[in-house]
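Everything on this sheet refers to the single structure shown next.
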Amino acid sequence: MVILTEVEDEHFQEHQAGPEVDDDDYTDTESEISNESEYDPSDETFAERLYALRDIVPPTTRSWISNNVNAVTSTAWSVLSFGGKSAWVITTSALFFGVPFALSFAEDQQLTAMEQEYNMRQTGGELLTAGAEQNTAEKVGAALGDNQARPSL
Numbered sequence: 001m002v003i004l005t006e007v008e009d010e011h012f013q014e015h016q017a018g019p020e021v022d023d024d025d026y027t028d029t030e031s032e033i034s035n036e037s038e039y040d041p042s043d044e045t046f047a048e049r050l051y052a053l054r055d056i057v058p059p060t061t062r063s064w065i066s067n068n069v070n071a072v073t074s075t076a077w078s079v080l081s082f083g084g085k086s087a088w089v090i091t092t093s094a095l096f097f098g099v100p101f102a103l104s105f106a107e108d109q110q111l112t113a114m115e116q117e118y119n120m121r122q123t124g125g126e127l128l129t130a131g132a133e134q135n136t137a138e139k140v141g142a143a144l145g146d147n148q149a150r151p152s153l
């Protein structure tokens, strides 16, 4: 028959050098956690609650969602950037080409109006100095030409 005896090592019987252990500071953690909690859920914001829910979603799903959100954000930023640059090019082109064209077109319209006014004054002057051989209605008809409608009397 075999008899077992416990042999203690001398190393474990000696006290180790180090700070003195004060047993008064040691407390049982289970008794403290049970009823005493300083957590107040009314102080928690909605964003903090959503952030706490991140552990519910598996890491692979979280990375997939993160990658898709980053792709959408990058695409939206690119589209908006391109749109802004395009709007800038179109606006400056309209200013460089459109404004001078509009000014020359307005000047041309003004010259046309001045020519019409000059022609009307000449026609009016001829009507006032008309001789006895034609009456005023015939002069107006002759000044207007045959293609234009004559005023009814």
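To convert, note that position 50 of the sequence shown is 50 in full-length UniProt numbering; the numbers rise steadily by one, no gaps. Using N, Cα and C, we set each Cβ at its ideal position, and we do this for glycine too.
Straight-line Cα distance separating residue j from residue i
{"i": "Asp43", "j": "Val57", "result": "24 Å"}
{"i": "Ser78", "j": "Asn119", "result": "60 Å"}
{"i": "Val69", "j": "Trp88", "result": "28 Å"}
{"i": "Asn67", "j": "Pro41", "result": "32 Å"}
{"i": "Ser93", "j": "Thr45", "result": "50 Å"}
{"i": "Pro100", "j": "Asp108", "result": "12 Å"}
{"i": "Val7", "j": "Met1", "result": "19 Å"}
{"i": "Asp55", "j": "Thr73", "result": "24 Å"}
{"i": "Gly98", "j": "Ser63", "result": "51 Å"}
{"i": "Ala106", "j": "Leu95", "result": "16 Å"}
{"i": "Glu14", "j": "Ile65", "result": "59 Å"}
{"i": "Met114", "j": "Thr129", "result": "23 Å"}
{"i": "residue 185", "j": "Gly84", "result": "One cannot answer for residue 185 here, as it falls past the ends of the chain, which runs 1 to 153."}
{"i": "His11", "j": "Thr5", "result": "18 Å"}
Three-state secondary structure (DSSP) of residue i
{"i": "Glu126", "result": "helix"}
{"i": "Met1", "result": "coil"}
{"i": "Ile65", "result": "helix"}
{"i": "Val7", "result": "coil"}
{"i": "Ile56", "result": "coil"}
{"i": "Glu44", "result": "coil"}
{"i": "Glu107", "result": "helix"}
{"i": "Glu38", "result": "coil"}
{"i": "Glu14", "result": "coil"}
Chain B contact for residue i (CB, 8 Å cutoff)
{"i": "Asp40", "result": "Protein chain content of the structure displayed is limited to a single chain, and chain B is not contained in it."}
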